[in-house]
Amino acid sequence: MRLNDKYRPGKFKDIVGQEMVSEILKKQVISNKLAQAYLFEGRAGSGKTTSARILAKAINCTSPINGEPCGHCDSCSAIQDGTSPDVIEIDAASNGGVDNIRAIKENMMYSPSISKYKVYIIDECHMLTTSASNAFLKILEEPPKYGKFILCTTDADKMLITILSRCQKYKFKNISVNDIKKQLMLISKSEGYMPDTLDNIVDIISKVSKGAMRDAVSILEQLISSNITSLKEVISILGISSNARIFKLLGNLNRRDSASSMETFFKALEDGTDETKFCTGLIDALRALLIIKSGASTNLIEMSKKDIFGLTKFSELIETKEIIGLLEIFQDAFNNLKNAMSKNLIIEIAIMKAIEFMKSQNKNCITENISNETKEIKKTETKKETKDNSLTEEEINALKMKKLTKTIKERQLVLENKVRNVADKKEGRAKDAYSKLADAIKSSGFTKQQNSDVIVIIAHTSFKDILEKAISNKSLNKMINDCFIIDGINYTVKLD
Ligand SMILES: [Zn+2]
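Just add 1179 to wherever you are in the sequence shown, counting from 1, and you've got this note's numbering.
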């Protein structure tokens, strides 16, 4: 049995992500105030047909419980098995001709044989031909009392207004990444599929299935049946890019590092990522950054909580206008991908354009946003002022500078110690490299740039060389990247 069938909800309460619709439908069943026709609109895989079947069961159930079908009576069992003569499903995509609708009209003349209502569930209802739509409208205009229609569609705009106006409409939301993730975890566990990478795998599936539970479960089934457990294989099968690669590229772009940016893209291709999916992944991440920057609710972002957390941290390092610029560049690239001879070339050009654009945004060298410190100083300043009005402006400025210098020195010491601690645990050349770096940090000056909220490193002459060597060393690279945001020839201290 396919997982989608095995785990298909049989009750309203088991439908994931459509709680509002389920509640209203249950109330209608309880009060027996049913509409003649329902329209369920939403993305494929969002639960429309499943809800339609549950509704058909609930209204025909001989002993419903709080608006839910009992699942055991003759009617429930027959509908569940797909053998009920009174609940008929039609796919308008393949059976949407006028003859199919005429058959419905004929069949509607006979009252239901085992149930209270005769229910037609019409999938992809917008695919009915024009003459079929008109014939169907006739049925809706004079339906028998026992006749009910549940129309499901992904595109209600393509339907006749006269049909729409006869339906009670329900909009099915895209199911959130977290809801999909929860369900996939549940299924994985009950199927005994528990690789160490499960959390990451489920994360990726939830993201690529874009609000469609059915797609998500199908992908999971594919992995389970082939016993695929490595993240790399999953990424390759799906042709997608892991968020880790996308986030890495964003970091590299923000550092104006063209070589690393290109390498990140090449690595994604090696993973088996498809260029179009890589591009949409990048656009999704940039859009998420914009939402975070705007201060709007992160519920609008279709990503896992972990990824949203990572992007929120990153959003502090990049300017809104830079995000918008990057979005424009990659949106253009996306539009060009369709007709491109060489898709990777389009992305490569976009990456280089993005680097040029970021460079033109002349972020002032070694920058670190220290607005927090400034805020804190302002707070102290206000306190002082209320306590003692006699402080002159000069004294306040001196106080500000003193506090700031102290903060910078503290941070410098933390960084130096951080590197030195690692040096202590290393041996040979690595130990030497770390120690040199710690020395360089110690002997560098960190100061506030005039009239702006940035910290500048007055690097001692060998600082740059040492840092560059450290970056090219594989084992040091991660450590350095944790400490610095390297931006062309400039360095930002990354401390938290
Ligand atoms: Zn029942």
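Cβ atoms here follow ideal geometry from the backbone N, Cα and C, with glycine treated the same way.
query	result
Got a sec: does ligand 1 put a non-hydrogen atom nearer than 7 Å to the Cβ of T1241?	yes
For the 8 Å Cβ check, are there 3 or more pairs between the stretch 1458 to 1471 and the stretch 1510 to 1518?	yes
Drop a sphere of 10 angstroms on the beta-carbon of S1550, count the other beta-carbons inside from all chains shown, and report buried for 16 or more, exposed for fewer.	Residue confidence is low: S1550 scores 43 on pLDDT, short of 50, so the model does not pin down where it sits. Its coordinate-derived value is still stated next. Classification of S1550: exposed, given that the 10 Å Cβ count is below 16.
For M1199, which three-state DSSP category applies?	helix
One question on the structure: do S1388 and I1398 come within less than 8 Å of each other, judged by their Cβ atoms?	yes
Quick one: is the Cβ of C1249 within less than 7 Å of any heavy atom of ligand 1?	yes
Going by DSSP in three states, F1445 sits in which element: helix, strand or coil?	helix
Sorry if obvious, but does the Cβ on S1254 come closer than 7 Å to a heavy atom of ligand 1?	yes
Verify whether the separation of the beta carbon atoms of K1411 and V1381 is less than 8 Å.	no
Taking the beta carbon of N1211 as the centre, do at least 16 other beta carbons fall within 10 Å, making it buried, or is it exposed?	exposed
In whole angstroms, what is the alpha-carbon distance linking A1314 and I1194?	33 Å
Given this structure, state the Cα-to-Cα distance separating I1258 from E1247, to the nearest angstrom.	14 Å
Where S1256 and D1265 are concerned, what is the direct C-alpha to C-alpha distance, given to the nearest angstrom?	12 Å
Are the beta-carbon atoms of K1337 and H1305 separated by less than 8 Å?	yes
Output needed for K1295: all residues of its chain with C-beta closer than 6 Å, excluding positions within five of it in sequence on either side, in chain order.	N1239
Between N1431, R1599, N1353 and E1606, which has its C-alpha nearest L1616's C-alpha?	R1599
Starting from the C-beta of L1316, find all residues in its chain whose C-beta is less than 7 Å away, skip the five residues before and the five after it, and write them out in chain order.	L1339, T1341 and I1342
With three or more beta-carbon pairs closer than 8 Å as the criterion, would you say the stretch 1322 to 1330 touches the stretch 1230 to 1239?	yes
Which residues share a DSSP beta bridge with K1241?	At residue 1241 the sequence reads Thr, which differs from the Lys that was named. T1241 is not bridged to any residue.
Under DSSP, the beta strand (DSSP E) around A1282 begins and ends at which residues?	It is not in any beta strand (DSSP E) - A1282 instead sits in the alpha helix (DSSP H) that spans V1277 to N1286.
Provide the residue(s) that pair with C1331 in DSSP beta bridges, ordered along the chain.	F1219
Between which two residues does the alpha helix (DSSP H) holding D1358 run?	V1356 to S1369
For the candidate residues V1396, E1220, D1278 and A1311, whose alpha-carbon lies nearest to that of Y1186?	V1396
Have a look at the DSSP bridge pairing and note the partners of E1268.	I1300
How would you label M1392, buried or exposed, when you count the other beta carbons within 10 angstroms and need 16 or more for buried?	buried
Since T1241 and S1225 are thought to touch, with beta carbons under 8 Å apart, how far apart are those beta carbons, to the nearest angstrom?	So it is not a contact: roughly 30 Å between Cβ atoms.
Within 10 angstroms of its Cβ, does N1279 collect 16 or more other Cβ (buried), or is it exposed?	buried
Just grab the DSSP bridge partners of K1350 for me.	E1220
Which residues does DSSP pair with E1247 in a beta bridge?	I1244
Can you tell me which of the three DSSP states G1489 falls into?	helix
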